[in-house]
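Once you know that position 211 of the sequence shown is 219 in our numbering, the rest is easy, because the numbers rise by one and skip nothing. Note that CB positions come from ideal geometry on N, CA and C, so glycine has one too.
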Amino acid sequence: MVSFGHLFYSRLRKVLLWFWRSRAVLFRLLFCWILACVFLYFDESHNYDWRFTLRGKQSHFNDIVSIEIRSDQILHFSNDQKLVGLNQGFRNLIQHIQNSQPQLILFNFDFENLFFGSTPAKKLKQEFSNTRNIILRSGSKSHPQSFYPSGSDGVFRSYKKDFQPTSLLVDQTLKKLDRKSRFPSRESRLINFRGPANTFQIFSFNELISGQIDYFLKDKIIILDVSPYSLNLQTPVGALSNNEILANILDNELLNRWISRSNLQFNFIFLGLLSVLGIAIMLVYPHFFSLVIIGWVATAIISLSIWLFDSFNIWIPVLSPTLLLLIVYIIFIGYQLSLIENQTWRLEQERKYLLEVEELKNNFVSLISHDLKTPIAKIQAIVDHIKTKNIDSEIKIDLESIKNESSELHRYIQSILKITRVESKDIKLNIEPTDINKIIKSVVEQLKPLADTKNISISVDLEPLFLIDVDKTLIFEVILNILENAIKYSYNDEIITVRSRETDNTILLSFEDHGPGITQEEQLNVFKKFHRGKDHSFDSKGSGLGLYLVKYFVELHGGRVSLESEAKKGSTFTISLPL
Numbered sequence: 009m010v011s012f013g014h015l016f017y018s019r020l021r022k023v024l025l026w027f028w029r030s031r032a033v034l035f036r037l038l039f040c041w042i043l044a045c046v047f048l049y050f051d052e053s054h055n056y057d058w059r060f061t062l063r064g065k066q067s068h069f070n071d072i073v074s075i076e077i078r079s080d081q082i083l084h085f086s087n088d089q090k091l092v093g094l095n096q097g098f099r100n101l102i103q104h105i106q107n108s109q110p111q112l113i114l115f116n117f118d119f120e121n122l123f124f125g126s127t128p129a130k131k132l133k134q135e136f137s138n139t140r141n142i143i144l145r146s147g148s149k150s151h152p153q154s155f156y157p158s159g160s161d162g163v164f165r166s167y168k169k170d171f172q173p174t175s176l177l178v179d180q181t182l183k184k185l186d187r188k189s190r191f192p193s194r195e196s197r198l199i200n201f202r203g204p205a206n207t208f209q210i211f212s213f214n215e216l217i218s219g220q221i222d223y224f225l226k227d228k229i230i231i232l233d234v235s236p237y238s239l240n241l242q243t244p245v246g247a248l249s250n251n252e253i254l255a256n257i258l259d260n261e262l263l264n265r266w267i268s269r270s271n272l273q274f275n276f277i278f279l280g281l282l283s284v285l286g287i288a289i290m291l292v293y294p295h296f297f298s299l300v301i302i303g304w305v306a307t308a309i310i311s312l313s314i315w316l317f318d319s320f321n322i323w324i325p326v327l328s329p330t331l332l333l334l335i336v337y338i339i340f341i342g343y344q345l346s347l348i349e350n351q352t353w354r355l356e357q358e359r360k361y362l363l364e365v366e367e368l369k370n371n372f373v374s375l376i377s378h379d380l381k382t383p384i385a386k387i388q389a390i391v392d393h394i395k396t397k398n399i400d401s402e403i404k405i406d407l408e409s410i411k412n413e414s415s416e417l418h419r420y421i422q423s424i425l426k427i428t429r430v431e432s433k434d435i436k437l438n439i440e441p442t443d444i445n446k447i448i449k450s451v452v453e454q455l456k457p458l459a460d461t462k463n464i465s466i467s468v469d470l471e472p473l474f475l476i477d478v479d480k481t482l483i484f485e486v487i488l489n490i491l492e493n494a495i496k497y498s499y500n501d502e503i504i505t506v507r508s509r510e511t512d513n514t515i516l517l518s519f520e521d522h523g524p525g526i527t528q529e530e531q532l533n534v535f536k537k538f539h540r541g542k543d544h545s546f547d548s549k550g551s552g553l554g555l556y557l558v559k560y561f562v563e564l565h566g567g568r569v570s571l572e573s574e575a576k577k578g579s580t581f582t583i584s585l586p587l
């Protein structure tokens with residue numbers, strides 16, 4: 009029984025072995041992922057800003073309006089141009105606005121600083137503090153721009169809930185409206201800006217005193233700015249005034265439109281999975297299709313990010329995933345090209361090695377074959393010489409057997425030499441006008457003694473044919489091999505039929521026997537080199553090269569060889585040669 013420790017060690021070894029074999033891919037995967045995580049930093053600003061530019065002006069909370077006037081315009085409501093008149097004028101201004109029955113009036117300016125901290129101003133502030141629908145911003149002598157901390161590039165993007173005047177003003181507004189804040193103190197949120205300047209309704213002093221907007225101010229939240237400062241803070245949607253920034257913050261608070269950013273852990277996991285996906289695409293598909301698929305994936309990610317941002321106020325990064333896919337493509341193109349180059353080099357080395365082996369083999373076969381031809385010729389000459397003498401009949405039969413066997417061996421050697429020439433591509437066609445019927449008759453005449461040994465008759469049915477341009481020697485070899493096979497594998501006392509006929513642009517030669525036939529399974533391999541049928545491998549002699557050479561020589565002439573056969577019903581080989 010296999011112990012748990014041994015099983016654990018075996019599996020651990022397999023895992024470590026897989027990591028080692030895949031180290032090239034894994035290191036590149038890790039590099040791409042780390043680089044994409046670094047790109048997340050650039051998603052913090054540029055990728056966030058262009059989304060607002062792309063989508064344009066959005067719907068906003070219509071009950072928020074802004075009134076911006078200068079401090080000197082307050083004196084319009086008083087006959088006294090001094091500080092007392094300023095106090096009285098401001099009281100009359102607020103009363104004028106109150107006559108329009110607004111829901112809330114937010115003082116988005118430093119009240120005491122406007123009136124130089126005078127005693128009447130303090131009394132006026134106390135009076136407004138006790139008014140139900142008026143909210144005063146806490147006093148601060150800081151420049152209003154300090155209430156909205158910008159990023160390192162000077163662009164204001166987020167709102168942090170702390171104890172600065174704007175935050176306190178927002179909290180008091182929510183309390184007056186019986187609303188609760190959507191996020192805790194000290195937390196920073198990205199502002200979902202509703203559009204560029206003038207997205208929220210802004211009224212001037214002249215519109216206010218004309219009475220044209222009195223009906224419009226009813227039940228509205230009015231943001232009033234009488235600050236001497238002209239604040240224009242840079243945001244993703246362009247420069248916005250103090251009131252417009254506060255309006256965007258209130259809109260986000262009241263309608264919960266804050267931008268929710270995907271957390272860092274999600275981004276890391278997402279980029280890791282995207283790296284794996286990109287690498288899988290590169291390893292599975294060809295380069296062009298990989299580029300197309302990666303382009304689709306990048307487009308899908310960008311579209312999804314824009315849709316989530318516009319529909320659900322969810323911000324997922326776009327720059328880092330897109331650059332990640334591009335980096336994966338570039339790095340793995342180089343990786344695959346290096347693999348292909350290495351593989352090409354190895355194949356070239358193997359090719360050279362195989363060529364050397366092939367050359368050695370051909371030289372060896374050629375040498376052995378030529379060395380064997382000489383002794384065989386001597387054997388046949390000696391046999392012929394002995395047969396001329398007056399010897400016993402039994403010895404003559406033995407001598408004839410020796411001669412036949414040496415002739416068969418000579419045929420094998422000739423076949424091997426031809427195969428060597430075929431594999432070395434050393435065969436060149438010697439084309440000349442040829443009478444195919446004449447070649448058939450010559451072959452039949454040559455094989456007649458072999459057919460007589462089995463009492464086989466060869467029937468010749470030849471149509472008159474025009475001369476055809478072929479290599480006479482090779483076609484003779486083709487017909488000889490097919491007809492010789494037909495005689496070897498036919499039963500005794502059978503008939504072999506040889507036919508020739510001409511069609512429009514082809515000469516057809518058919519060889520029909522009534523032998524044991526060839527099974528469908530054997531027909532798939534019958535033209536292969538050194539193949540011999542399983543059922544009769546030992547019934548007759550042969551090298552298994554004859555039909556291989558037949559097919560090669562016929563195809564060398566642009567023709568083809570076909571076979572029709574059934575087991576125990578004989579076979580028909582058909583050769584077609586183009587005219």
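Q. Which residues in the same chain as residue 456 place their Cβ atom closer than 8 Å to its Cβ, once the five residues preceding and following it in sequence are excluded?
A. Same-chain partners within the cutoff: 466.
**Q.** Option in 400, 399, 585 and 393 with minimal Cα separation from residue 411
**A.** Its Cα nearest to that of residue 411, the residue 393 stands out among 400, 399, 585 and 393.
Q.
Just list the residues that DSSP pairs residue 64 with in beta bridges.
A. DSSP, once it has assigned bridges, lists no residue as partnering residue 64.
Q) Three-state secondary structure (DSSP) at residue 545? A) With a pLDDT of 45 at residue 545, under the threshold of 50, the predicted position of this residue should be treated as unreliable, though the coordinate-derived value follows. Correct three-state label for residue 545: coil.
Q.
Can you look up residue 243 in the DSSP assignment and give me helix, strand or coil?
A. strand
Q.
Any beta carbon of chain B sitting closer than 8 Å to that of residue 214?
A. No chain B appears in this structure, which consists of one protein chain only.
Q: Mind checking who residue 112 pairs with in its DSSP beta bridge?
A: 229
Q.
Can you tell me whether residue 78 is helix, strand or coil according to DSSP?
A. coil
(Q) With distance defined between alpha-carbon atoms, name the residue in 204, 233, 579 and 179 nearest to residue 247. (A) Checked all of 204, 233, 579 and 179; the closest Cα to residue 247 is 204.
Q: Pair every Cβ in the region 56-75 with every Cβ in the region 179-193, then say whether three or more of these pairs are closer than 8 Å.
A: no
Q. For the alpha helix (DSSP H) that contains residue 599, what are its first and last residues?
A. Residue numbering for the chain in the displayed model covers 9 to 587; residue 599 lies beyond these limits and cannot be assessed.
Q. Are the region 316-334 and the region 361-375 touching, with three or more C-beta to C-beta distances below 8 Å?
A. no
Q: Return the CA-CA distance between residue 402 and residue 533, expressed in angstroms with no decimal places.
A: 42 Å
**Q.** Own chain, CB closer than 7 Å to residue 48, minus 5 neighbours either side, in chain order
**A.** 275, 325 and 328
Q.
Given this structure, state the Cα-to-Cα distance separating residue 520 from residue 294, to the nearest angstrom.
A. Those two C-alpha atoms are separated by around 50 Å.
**Q.** residue 266 - DSSP class collapsed to helix/strand/coil
**A.** Looking at residue 266 - three-state DSSP - the assignment turns out to be coil, as it is neither helix nor strand.
**Q.** residue 365 in three-state terms, based on DSSP
**A.** helix
Q.
Only counting the same chain, and skipping five residues up and downstream in sequence, which positions put a Cβ closer than 6 Å to that of residue 44?
A. Correct list, in chain order: 279, 328 and 332.
Q | Whether residue 473 touches residue 515 by CB criterion (8 Å) | A | yes
Q: Note down the Cα distance separating residue 297 from residue 285, rounded to an integer number of angstroms.
A: 14 Å
**Q.** Beta-carbon proximity list for residue 240, same chain, < 8 Å, skipping 5 on both sides
**A.** Cβ neighbours of residue 240 within its own chain (closer than 8 Å, five residues either side excluded): 247, 248 and 249.
**Q.** residue 459 to residue 448 span [Cα, whole Å]
**A.** 15 Å
Q: Give me the Cα-Cα distance between residue 478 and residue 565, rounded to the nearest whole angstrom.
A: Taking the straight line joining both Cα atoms gives about 7 Å.
Q: Say whether the region 166-174 touches the region 202-218, bearing in mind that this needs 3 or more beta-carbon pairs closer than 8 Å, one atom from each stretch.
A: no
(Q) Please return the same chain residues whose Cβ sits closer than 8 Å to the Cβ of residue 143, not counting the five positions on each side in sequence. (A) 112, 113, 114, 115, 177, 180, 181 and 184
**Q.** Residues that residue 478 bridges to, as DSSP identifies them
**A.** 440
Q. On the three-state DSSP scale, how would you describe residue 59?
A. helix
Q.
Taking its Cβ as the centre, do 16 or more other Cβ atoms sit within 10 Å of residue 194, making it buried, or is it exposed?
A. Classification of residue 194: exposed, given that the 10 Å Cβ count is below 16.
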